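First comes the structure, then the notes that go with it.
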Amino acid sequence: MKTHEAARELGVSSQTVIKWIRHYNIDCAKNERGHFDISKENIKQIREAHNIQPRSSARKGHIQSSTDFDALEAQIQEMCKQMGSMMGRIAENDRRIEEKAGEVVTFQVLEHRTEITNLQKKIYELEERLAMVEEQLEKKEGFIANKKLPRWKTLFMNLWSL
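Residue numbers (my numbering): 19 to 180.
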């Protein structure tokens, strides 16, 4: 049988059949063009290697029994339960992520607030030091301005200013 026929029977693509034949080292004959000629035994080997169930006879036009429908319904219900469980876990993870993000933002805000407070303290200290330096400078200038020059300097300066 051709690759696409085997793929239809296995329920996969032709490329997947080729990949599995190579991966599981299944000994398939090849035709004159180098294409795989897949036998029923090769299909059986692929199913066993990849654990694929034979396709349902319902696809061939046969009517399935009610037990097949019951089993299918049970599988659907089990899948719905699993989906509900997964959705619950996803919602819980979303909540945790949101909570963690809030904690991170709060921590960063507190860190920035601490930095701002420290910078404000430094600014106040610098302002105080600047005020002290200005005060000392004023005292020094006042002292120089109030100091009397010797008489000979005053006389000499008066001569030159004329």
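Cβ coordinates follow ideal geometry from the N, Cα and C atoms, glycine included. Predicted model only: the values in this text are computed from it and were never measured.
Write down the C-beta distance between residue i and residue j rounded to the nearest angstrom, noting that I regard them as a contact closer than 8 Å.
i	j	result
Ile64	Leu28	6 Å
What is the rounded straight-line gap between the Cα of residue i and the Cα of residue j?
i	j	result
Arg131	Asn111	30 Å
Ile56	Asp86	30 Å
Ala24	Gln95	31 Å
Thr34	Leu128	56 Å
Asn49	Arg114	59 Å
Glu146	Lys158	18 Å
Ala119	His41	45 Å
Glu117	Ile36	49 Å
Leu177	Glu153	36 Å
Excluding the five sequence neighbours on either side, which residues of its own chain have a C-beta within less than 8 Å of the C-beta of residue i, listed in chain order?
i	result
Ile44	Trp38, Asn60, Gln63, Ile64, Ala67
Ser31	Ala25
Met150	none
Exposed or buried, residue i, counting other C-beta atoms within 10 Å across all chains shown (16 or more means buried)?
i	result
Thr21	buried
Phe125	exposed
Cys1	No answer is possible for residue 1: the residues shown for the chain start at 19 and end at 180.
His80	Summary for His80: the model assigns pLDDT 46, below 50, so the residue's position carries little reliability; its value from the coordinates is reported in the next sentence. With fewer than 16 Cβ atoms within 10 Å of its Cβ, His80 is classed as exposed.
Lys78	A caution first: Lys78 carries a pLDDT of 45, below 50, which makes its placement in the model unreliable, though a value can still be read off. Label assigned to Lys78: exposed.
Spatial neighbours of residue i within its chain, please: C-beta separation below 6 Å, excluding the five flanking residues on both sides.
i	result
Glu156	none
So what does residue i bridge to, in DSSP terms?
i	result
Lys48	Phe54
Which same chain residues, not among the five before or five after residue i, have their C-beta less than 7 Å away from its C-beta?
i	result
Cys46	Ile39, Phe54, Asp55, Ile56, Asn60
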